[in-house]
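Note that our numbering has the sequence shown beginning at 1440, numbered continuously upward.
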Amino acid sequence: MVKVLVATSQTQGVRASDYHWCVDGELVWIAPICGKDWEDPDGGCGCARGFAGLNSHRATTTAMVRTLALDRDDYVEAIRSSLDSQGYDTMLSPEIADALLELISDLPDGAVVEHRAEYVQVRERAP
Ligand SMILES: [Zn+2]
C-alpha cells in the first residue's frame, strides 16, 4: 500500500483560479513549473498550481491523498509509463515517485491538497 495523490473535483471553485481537466481518481504528479508562473501560482499558464494526470495528460488544481493497493514499484512504473507515452525522459521516474511519496507521507488519507508553486498544502479534509 502506498499513499499517493489522485485527481479530485472536491473543493473546486474555492479559488477563482481553479481548473479541473483530469479524470477523477486518476494518479497525478507535479510536473516541472515554467518560469512564467513561478512567482504567481494564479498566473496565466496554470502549471504552478496544477497537478498533472498520469493517464489523461491533463491537469487539475485539486488532488486528494489516497492509500491505494499499489507498491512503490507499481507507482514508479505508473509514472515511468506516463512520462514515456508523453515523450519525456523517464530516467528520473524513481526519484519523482519517491519525492511524491515523501511529500504527502504525513498527510491523512482523504485530505484535499493544492499546489502553490513550491508548496503543496492541505485545502480541506474530505467529509
Ligand atoms: Zn507554466
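Every residue, glycine too, gets a C-beta built ideally from N, C-alpha and C.
The model shown is predicted, which means the values in this text are computed figures rather than measured ones.
Residue i in three-state terms, based on DSSP
i	result
S1456	coil
E1541	helix
A1555	Correcting the residue type first, residue 1555 is Arg in the shown sequence and not Ala. Correct three-state label for R1555: strand.
Ligand 1 heavy atom lying under 8 Å from the CB of residue i
i	result
D1476	yes
A1455	no
G1549	no
C1486	yes
C1461	no
I1472	yes
Exposed unless 16 or more other CB atoms sit within 10 angstroms - verdict on residue i
i	result
S1456	exposed
L1466	buried
A1508	exposed
CB of residue i within 9 Å of CB of residue j, strictly
i	j	result
V1411	D1510	Any question about residue 1411 goes unanswered here, given that the chain covers just 1440 to 1566.
L1540	T1529	no
* **Cβ contact check for the segment 1544–1559 and the segment 1466–1481: 3 or more pairs under 8 Å** => yes
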